[in-house]
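A short worksheet on the structure shown next.
Here is the structure:
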C-alpha cells in the first residue's frame with residue numbers, strides 16, 4: 004500500500020513539466036522572437052526542429068527504462084539523471100548571457116530542455132503504473148499529478164505577474180525570476196521524491212527492440228484512439244498558449260492585465276480538475292474526457308461570440324467580460340489531460356497481462372512521441388501562419404494592420420475549437436471494460 008504522502012511527493016515531480024511547458028511558449032518563445040531579435044518565423048522553425056529532433060529520443064528512453072533497473076528500483080536512477088540536464092537547460096534559456104543569441108544556441112537549449120523532460124516525464128508515467136494498480140487509483144493519482152502541473156504552472160506564471168504588478172519590470176526580469184525559481188526548487192523536489200517514494204523492485208523481462216515494441220502498439224486500437232485524442236488536445240493548448248499574450252495585449256487591449264489574465268485561467272483549471280476527476284470516478288475516464296472536450300469547444304465558441312459581438316465594441320466591459328470567459332473556459336483546460344494519461348496507464352496494465360512484460364515505459368514513450376509531434380507544431384503553426392500570410396510584427400503592438408490582428412484572433416479562437424471537437428469524436432470510439 005503506497006501512502007498518501009508518497010503519492011504527493013511523486014506528483015510533485017511534475018514540477019519539471021510545468022517548467023518545460025507553458026512558460027516556454029508563453030514567455031520564452033516571444034522573448035527570443037521579439038526582445039532578442041530572432042523573429043517569429045525563425046523562432047517558430049527552430050522550435051519545431053528542436054521538438055522533432057527530441058521526438059526520436061522517446062523510444063530509446065522508454066526501452067532503457069523498461070530494460071535497465073538499478074538497486075534503487077526501476078525508475079529512481081533515471082529521475083536523478085534527468086536533474087542536471089534540466090538545470091543546465093534552464094540556465095541557457097532563462098538566464099541567457101548573450102543578448103544576441105544564434106539559432107544554434109536556441110536550438111541546443113531547447114533540445115537539452117526537452118531531452119531532460121522526456122527522461123523525467125516517461126519515467127514518472129511508467130512509475131504511476133506501479134504506484135496506482137487499480138482503475139480508480141490511476142484516475143486519482145494522475146489527476147493529482149496534473150493538478151501539481153497546473154499549480155506549478157500557475158505559480159511559475161505568477162512570478163512575472165508579481166514582477167509586473169509591484170516592480171513594473173521588463174520581460175527580461177520576468178524571465179530571470181522564473182529561471183531562478185526553477186533552479187532553486189527543482190533539486191529540492193527531486194531529492195525528496197528519491198528518498199520518500201517507493202519503487203518497483205521487479206527485474207523486467209528482456210524487452211524487444213524499441214521499434215519492434217512500437218509495432219505491436221500500432222495494433223492496439225484503444226491506444227491509437229488515446230494517442231490521436233492526446234495529440235489534438237496538445238495542439239489546441241499549445242496554439243492557444245503561443246498566441247495568448249499577443250491576443251490579450253493587442254486584440255483585447257488589456258496589456259497591463261496580461262499576466263494576471265493567464266494566472267486566472269490557470270487558477271480556474273485547478274478548480275475544474277476536481278469536477279472532471281469526480282465525473283471519471285462516477286462514470287469512466289473516457290466518458291469524462293469526451294464531455295470535457297465538448298465543453299471546452301462549446302464554451303470557447305460562446306466566449307468568442309461574446310467578445311466579437313459585444314465586448315470589442317464596449318471596451319468598458321472588456322476586463323470583466325474577458326475574466327468571465329477565461330474562467331469559464333479554464334475550468335476544463337486541464338481536464339482532458341490527466342484522463343488521457345490515466346487511460347494509457349490502464350492500457351499498460353492490460354498490455355502487461357497480455358504479454359507478461361512490464362512495457363509501461365515503452366508504451367508511454369509511444370504516447371509521448373506522438374504528443375511531441377503535436378507540441379512541436381502547436382506553438383509553431385500560428386507563428387508560421389502569421390509570418391507567411393500576414394505582416395504581423397509583435398513590436399508594432401496594436402498598430403499592426405487590422406488584417407494581421409484578425410488573423411491572430413481567429414487562430415487563437417478556432418484552432419482550439421476544431422481540435423477539441425475532433426478529439427471528442429475520436430474519444431467517443433474508445434471501448435474499455437473495467
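Residue numbers (my numbering): 4 to 437. Even for Gly, the Cβ is constructed at its ideal location relative to N, Cα and C.
- Per DSSP, the continuous alpha helix (DSSP H) segment holding residue 240 begins and ends at 224-249.
- For residue 316, the closest C-alpha among the options 291, 285, 174 and 254 is that of 254.
- Excluding residues up to 5 positions away in sequence, 178, 181 and 182 lie with their Cβ nearer than 6 Å to the Cβ of residue 97 in the same chain.
- Residue 76 sits in a strand when the DSSP states are folded into three classes.
- Burial is judged here by how many other beta carbons sit within 10 angstroms of a residue's own beta carbon; residue 320 has fewer than 16 and is exposed.
- Membership of residue 132 in the alpha helix (DSSP H) is indicated by the continuous run 106-134.
- For residue 278 against residue 343, the beta-carbon gap comes to about 16 Å, at or over 8 Å, which does not count as contact.
- Put simply, the region 43-63 does not touch the region 256-264. Fewer than three CB pairs are less than 8 Å apart.
- Rounded to the nearest whole angstrom, the C-alpha separation of residue 147 and residue 11 is 8 Å.
- When the Cα atoms are used, residue 324 and residue 268 turn out to be separated by approximately 13 Å.
- Look at the beta carbons and you see the region 411-428 touching the region 388-396: at least three pairs across the two are nearer than 8 Å.
- Taking C-beta atoms as the reference points, residue 150 and residue 296 fail to come closer than 7 Å.
- Nearest in C-alpha terms to residue 241, of all of 17, 26 and 65, is 26.
- When the beta-carbon positions are compared, residue 123 and residue 73 stay at least 7 Å from each other.
- In the structure shown, residue 320 falls within a helical segment according to DSSP collapsed to helix, strand and coil.
- Counting the other Cβ atoms within 10 Å of the Cβ of residue 425 gives 16 or more, which makes it buried.
- Nearest neighbour of residue 197 by Cα position, chosen from 81, 366 and 288, turns out to be 81.
- Residue 299 holds the alpha-carbon nearest to the alpha-carbon of residue 331 among 340, 16, 358 and 299.
- Around the Cβ of residue 222, a 10 Å sphere holds fewer than 16 other Cβ atoms; the residue is exposed.
- Taking all protein chains shown into account, residue 100 has fewer than 16 neighbouring C-beta atoms within 10 Å of its C-beta and is therefore exposed.
- Cβ-Cβ distances below 7 Å link residue 102 to 39 in the same chain, with the five nearest sequence neighbours on each side left out; the list follows chain order.
- With contacts defined by Cβ atoms closer than 7 Å, residue 21 and residue 155 form a contacting pair.
- In the pairwise beta carbon analysis, the region 345-362 is classified as touching the region 127-137: at least three pairs are separated by under 8 Å.
- Of the candidates 30, 31 and 377, the residue whose Cα lies closest to the Cα of residue 231 is 377.
- Annotation for residue 346: the continuous alpha helix (DSSP H) segment containing it runs 339-358.
- The three-state secondary structure of residue 149, taken from DSSP, is helix.
- If you ignore the 5 residues before and after residue 288, its C-beta comes within less than 7 Å of the C-beta of 142, 342, 345 and 346, all in its own chain and listed in chain order.
- Straight across, the Cα-Cα distance linking residue 31 with residue 235 is about 23 Å.
- In the displayed model, residue 202 falls within coil according to three-state DSSP, outside both helix and strand.
- Secondary structure of residue 431 (DSSP, three-state): coil.
- DSSP places residue 380 inside the alpha helix (DSSP H), whose first and last residues are 363-392.
- The criterion of a C-beta distance shorter than 7 Å is not satisfied by residue 365 and residue 57.
- Across the structure, residue 360 and residue 217 are spaced so that their CA atoms are roughly 14 Å apart.
- Membership of residue 263 in the alpha helix (DSSP H) is indicated by the continuous run 261-285.
- Contact between residue 53 and residue 120 does not hold, since the beta-carbon distance rounds to 12 Å and is not under 8 Å.
- CA-CA distance, residue 79 to residue 117, rounds to 19 Å.
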